[in-house]
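Note that the protein sequences, when read in sequence, are chains X and Z.
Per the UniProt record's numbering: the first sequence = residues 1 to 115.
Per the UniProt record's numbering: the second sequence = residues 1 to 235.
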Amino acid sequence: MVTNAASFGRSGVHDFIFIRASGIILACYTLFLVGFFACNAPMTYEAWSGLYSTIGMKVFTLIALIALLIHAWIGTWQVLTDYIKCTKLRGLLQFIFVITAFTYLAVGTITVWGV
Amino acid sequence: MKLNFSVYRYNPDVDTKPYMKDYTLEVKEGSDMMVLDALILLKEQDSTLAFRRSCREGVCGSDGINMNGKNGLACITPVSTFNGKKIEIRPLPGMPVVRDLIVDLTQFYKQYEKIKPYLINDERTPAREHLQSIEDRAHLDGLYECIMCACCSTACPSFWWNPDKFVGPSGLLHAYRFLIDSRDTATEERLAELDDAYSVFRCHGIMNCVDVCPKGLNPTKAIGHIKSMLLKRAV
Numbered sequence: 001m002v003t004n005a006a007s008f009g010r011s012g013v014h015d016f017i018f019i020r021a022s023g024i025i026l027a028c029y030t031l032f033l034v035g036f037f038a039c040n041a042p043m044t045y046e047a048w049s050g051l052y053s054t055i056g057m058k059v060f061t062l063i064a065l066i067a068l069l070i071h072a073w074i075g076t077w078q079v080l081t082d083y084i085k086c087t088k089l090r091g092l093l094q095f096i097f098v099i100t101a102f103t104y105l106a107v108g109t110i111t112v113w114g115v
Numbered sequence: 001m002k003l004n005f006s007v008y009r010y011n012p013d014v015d016t017k018p019y020m021k022d023y024t025l026e027v028k029e030g031s032d033m034m035v036l037d038a039l040i041l042l043k044e045q046d047s048t049l050a051f052r053r054s055c056r057e058g059v060c061g062s063d064g065i066n067m068n069g070k071n072g073l074a075c076i077t078p079v080s081t082f083n084g085k086k087i088e089i090r091p092l093p094g095m096p097v098v099r100d101l102i103v104d105l106t107q108f109y110k111q112y113e114k115i116k117p118y119l120i121n122d123e124r125t126p127a128r129e130h131l132q133s134i135e136d137r138a139h140l141d142g143l144y145e146c147i148m149c150a151c152c153s154t155a156c157p158s159f160w161w162n163p164d165k166f167v168g169p170s171g172l173l174h175a176y177r178f179l180i181d182s183r184d185t186a187t188e189e190r191l192a193e194l195d196d197a198y199s200v201f202r203c204h205g206i207m208n209c210v211d212v213c214p215k216g217l218n219p220t221k222a223i224g225h226i227k228s229m230l231l232k233r234a235v
């Protein structure tokens with residue numbers, strides 16, 4: 001068995017499940033937003049603000065942001081371990097990507113729950 | 001009729017870097033031959049040309065090479081496949097070149113060794129042999145036929161990037177051959193060895209292996225079955 005510490009899941013199966021589950025959540029979130037835009041054209045500030053002021057949308061957005069973090073973490077780790085052979089550089093890039101994903105999660109959460 | 005070839009040449013004892021060398025073969029109009037036969041004729045022209053071959057009938061898997069960008073066995077690939085176009089012959093991609101068309105397959109064999117390619121049975125040894133039902137035996141069809149020519153693994157980008165960690169399509173085809181074997185009792189141990197982020201899950205199902213397999217096997221399908229077994233074990 002090949003061991004690694006930088007991936008998100010504890011095993012290959014965990015990563016496999018996480019990346020697909022988070023992908024489904026992100027696809028649902030995207031489809032929902034596309035549907036919302038299509039049903040509320042032309043979009044107004046009131047409609048947009050009204051959508052995000054509901055508790056359901058706040059929770060859905062928070063779940064989507066967490067899914068984005070997981071999806072980006074596993075995805076970038078897979079790409080980096082394929083193409084970046086220098087361990088120090090790969091570690092640094094992985095660190096930057098993960099911090100960026102956490103920043104999106106933190107800022108997104110504060111923004112959405114501030115509406 | 002003239003057959004044109006461009007062949008990868010590299011002798012580390014003499015050459016500073018690899019290069020492509022052009023050859024022409026004069027053959028009878030309308031005739032056909034296998035690429036291996038052409039290589040043997042080219043070797044008569046240029047005895048320094050090095051390549052592997054053994055059985056000459058697609059059974060031993062020695063002469064896996066890359067022909068016009070696609071891996072295959074030279075001995076069962078007719079020259080006519082290329083419709084008279086110049087045939088570019090290179091060694092199997094991603095592997096260290098020993099000389100000309102000969103590659104070092106150590107990493108490929110290490111991955112094969114890793115999956116324990118032998119029957120493990122901790123039950124009492126039967127007096128004569130381990131018997132299988134016809135149905136159980138049928139599960140092995142499409143798996144045991146692999147001749148380990150390495151055409152599939154060397155066509156796989158995941159194997160190019162991580163040959164030390166990703167088992168590769170050939171190794172995984174063999175792994176499934178033992179996982180599904182009703183006589184093998186080490187299924188749990190075999191799956192535990194494969195449950196990491198590289199060994200199996202680096203396969204993203206692009207099916208290059210299926211495209212190039214000279215025996216018409218389907219390693220992607222076998223890998224899918226292994227992933228299902230790992231999922232069932234985990235969930």
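Note that the Cβ used here is the ideal one computed from N, Cα and C, for glycine as well.
In this structure, does DSSP put Asn-71/Z in helix, strand or coil?
As a first step, residue 71/Z is located in the second sequence; it is residue number 71 there, counting from the start. DSSP places Asn-71/Z in strand when its eight states are reduced to three.
When you check each C-beta in the UniProt domain "2Fe-2S ferredoxin-type" (12–93) of chain Z against every C-beta of chain X, which residues fall closer than 9 Å?
Answer set for the UniProt domain "2Fe-2S ferredoxin-type" (12–93) of chain Z: empty.
Can you tell me which residues form a DSSP beta bridge with Val-103/Z?
As a first step, residue 103/Z must be located in the second sequence, where it is residue number 103. Val-97/Z, per the DSSP bridge assignment.
So the candidates are Gly-35/X, Gly-12/X and Ile-17/X; which of them puts its Cα closest to the Cα of Ala-192/Z?
Here residue 192/Z is taken as the residue at index 192 of the second sequence, counted from 1. Gly-12/X is the residue among Gly-35/X, Gly-12/X and Ile-17/X whose C-alpha sits nearest the C-alpha of Ala-192/Z.
Buried versus exposed, by CB contacts within 10 Å (16 or more), Thr-24/Z:
Translated into the one-based positions of the second sequence, residue 24/Z becomes position 24. Flag for Thr-24/Z reads exposed.
So, is the C-beta of Phe-159/Z closer than 8 Å to a C-beta in chain X?
Working through the second sequence from its first residue, we reach residue 159/Z at position 159. False, the Cβ-Cβ gap to chain X never drops below 8 Å.
Find the residues of chain X that neighbour Phe-178/Z, judging by a C-beta separation of less than 9 Å, and give them in chain order.
Translated into the one-based positions of the second sequence, residue 178/Z becomes position 178. Chain X residues near Phe-178/Z: none, gap ~17 Å exceeds 9 Å.
Please confirm whether Tyr-83/X has its beta-carbon closer than 8 Å to some beta-carbon of chain Z.
As a working note, residue 83/X is residue 83 in the first sequence. At least one CB of chain Z lies nearer than 8 Å to the CB of Tyr-83/X.
Could you say if the segment 91–110 of chain Z and the segment 38–55 of chain Z meet the contact criterion of at least three C-beta pairs nearer than 8 Å?
Yes: at least three Cβ pairs fall under 8 Å.
Less than 8 Å between CB atoms is the rule here; does Leu-173/Z satisfy it with respect to chain C?
Looking for chain C here will not work: the only protein chains present are X and Z.
What does Leu-231/Z touch in chain X if you count any residue whose Cβ is under 8 Å from its own?
Against the second sequence, residue 231/Z aligns to sequence position 231. By Cβ distance, chain X contributes Val-13, Phe-16 and Ile-17.
Pull the bridge partners of Glu-88/Z from the DSSP assignment, please.
Against the second sequence, residue 88/Z aligns to sequence position 88. In DSSP, Glu-88/Z forms a bridge with Ser-6/Z.
Extent of the continuous beta strand (DSSP E) run through Asp-22/Z:
Position 22 of the second sequence, counted from the first residue, corresponds to residue 22/Z. Element bounds for Asp-22/Z: 19–26.
Within-8 Å CB hit, Ala-222/Z to chain X
Locating residue 222/Z in the second sequence gives position 222, where the first residue counts as 1. Ala-222/Z does not count as touching chain X.
Would you mind reading off the limits of the alpha helix (DSSP H) that contains Cys-203/Z?
As a position in the second sequence, residue 203/Z is number 203, starting the count at 1. Under the DSSP assignment, Cys-203/Z falls outside any alpha helix (DSSP H); it carries neither an H nor an E label.
Based on the DSSP output, what are the partners of residue 258/Z in its beta bridges?
Nothing can be reported for residue 258/Z, as the shown portion of chain Z is limited to 1 through 235.
Excluding the five sequence neighbours on either side, which residues of its own chain have a C-beta within less than 7 Å of the C-beta of Lys-221/Z, listed in chain order?
Taking the first residue of the second sequence as position 1, residue 221/Z is located at position 221. Closer than 7 Å at the Cβ level, and outside the excluded window around Lys-221/Z, lies no residue.
Would you call Thr-100/X buried or exposed, if buried means 16 or more other Cβ atoms sit within 10 Å of its Cβ?
Translated into the one-based positions of the first sequence, residue 100/X becomes position 100. It counts as exposed.
Okay, do the segment 146–157 of chain Z and the segment 62–72 of chain X touch, 3+ Cβ pairs below 8 Å being the bar?
No, the segment 146–157 of chain Z is not in contact with the segment 62–72 of chain X.
Tell me, which residues are paired with Pro-78/Z by DSSP?
Locating residue 78/Z in the second sequence gives position 78, where the first residue counts as 1. In the DSSP output, where bridge partners are listed per residue, Pro-78/Z has Met-34/Z.
Within 8 Å (strictly less), CB to CB, does Ser-22/X reach chain Z?
For the purposes of this step, residue 22/X is taken as residue 22 along the first sequence, with counting starting at 1. Cβ-Cβ to chain Z under 8 Å: no for Ser-22/X.
Ser-7/X versus chain Z: which residues are under 7 Å apart at the beta carbon?
What you label residue 7/X is simply residue 7 of the first sequence in a count that begins at 1. The answer, in chain order, is Ala-197.
If you reduce the DSSP assignment to three classes, tell me which class Met-57/X lands in.
As a first step, residue 57/X must be located in the first sequence, where it is residue number 57. Correct three-state label for Met-57/X: helix.
Reducing DSSP to helix, strand and coil, say where residue 283/Z ends up.
The requested residue 283/Z does not occur in the structure, where chain Z is confined to residues 1 to 235.
Cβ of Asn-162/Z less than 8 Å from any chain X Cβ?
Reading the second sequence from its first residue, position 162 is the one you call residue 162/Z. Cβ-Cβ to chain X under 8 Å: yes for Asn-162/Z.
Closer than 7 Å at the beta carbon, the chain X residues around Ala-234/Z:
On the second sequence, residue 234/Z is found 234 positions in, with the first residue counted as 1. Ordered by position in chain X, the residues that pass the 7 Å Cβ test against Ala-234/Z are Val-13.
Strictly below 7 Å CB to CB, what residues from chain X border Phe-201/Z?
Position 201 of the second sequence holds residue 201/Z. Within chain X, the residues near Phe-201/Z are Gly-12, Asp-15 and Phe-16.
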